[in-house]
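Colleague:
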Amino acid sequence: MKHIAIVNGPNLNLLGVREPHIYGNETFEDYLEGLRMRFPDVDIEYYQSNVEGEMINFLHSCMGKKQGIILNAGAYTHTSIALADAISAISIPVIEVHISNVLAREEYRKTSYIASQCVGSISGLGMMGYELAIRYFM
Ligand code: DQA
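Okay, so the sequence shown: first residue is 121 according to the numbering used here, each after it adds one.
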């Protein structure tokens with residue numbers, strides 16, 4: 121069985137409520153339930169934090185336990201060298217996911233500090249981005 125972690129960063133606990141015209145109406149918990157049913161052979165651990173250091177601690181805790189990590193770092197994508205360093209430190213393939221198309225939004229969202237440390241990035245495909253990332257790991 122594959123062990124995969126989905127890590128969502130700041131403000132993504134508010135999916136379903138937060139700016140639904142950008143991020144949709146579905147909570148991540150509801151989406152996750154369907155995702156787990158679609159991938160019965162994948163053990164999907166979900167972690168969300170609004171705190172950069174906690175996200176880094178969680179990434180470290182995945183060492184030796186997960187075969188892949190799907191990371192939506194939220195706004196830390198555009199600011200955090202520490203998260204980029206954590207990704208390169210753990211030697212686990214990480215896929216960067218964004219629900220919205222970050223390249224079609226504000227200028228400051230066009231920079232990703234983490235992209236160069238990830239195996240690839242999925243942006244703008246809504247929640248489906250998480251599912252596509254799981255399919256890559258399979
Ligand atoms: C996001 C895009 C980021 O720019 C933003 O700060 C988020 C969500 C996305 O999933 O589209 O919090 O990562």
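We treat Cβ as the ideally placed atom computed from N, Cα and C, and that holds for glycine.
Bear in mind the structure is a predicted one, so any value in this text is a computation, not a measurement.
(1) With contact counted as at least three CB pairs below 8 Å, one residue from each stretch, are the stretch 216-236 and the stretch 186-203 in contact?
(2) With burial defined as no fewer than 16 other Cβ atoms inside 10 Å of the residue's Cβ, what is the status of residue 221: buried or exposed?
(3) What do you get for residue 188, buried or exposed, if any count of 16 or more other CB atoms within 10 angstroms of its CB means buried?
(4) Would you mind sorting residue 184 into buried or exposed? The rule is 16 or more other CB atoms within 10 Å of its CB.
(5) Is residue 171 near the ligand DQA, going by C-beta to nearest heavy atom under 7 Å?
(6) Excluding the 5 residues flanking residue 241 on each side, which residues of the same chain have their C-beta closer than 6 Å to its C-beta?
(7) Straight-line CA distance for residue 176 to residue 206?
Modeller: The short version:
(1) yes
(2) Counting from one through the sequence shown, the residue named residue 221 turns up at place 101. With fewer than 16 Cβ atoms within 10 Å of its Cβ, residue 221 is classed as exposed.
(3) Locating residue 188 in the sequence shown gives position 68, counting from the first residue. Buried: at least 16 other Cβ atoms inside 10 Å.
(4) Working through the sequence shown from its first residue, we reach residue 184 at position 64. Classification of residue 184: exposed, given that the 10 Å Cβ count is below 16.
(5) Translated into positions along the sequence shown, residue 171 becomes position 51. No.
(6) Position 121 of the sequence shown, counting from 1, holds the residue named residue 241. So the list reads 216, 235, once near-sequence residues are dropped.
(7) To locate residue 176, count along the sequence shown from 1; it is residue 56. To locate residue 206, count along the sequence shown from 1; it is residue 86. Approximately 6 Å between the Cα atoms of the pair.
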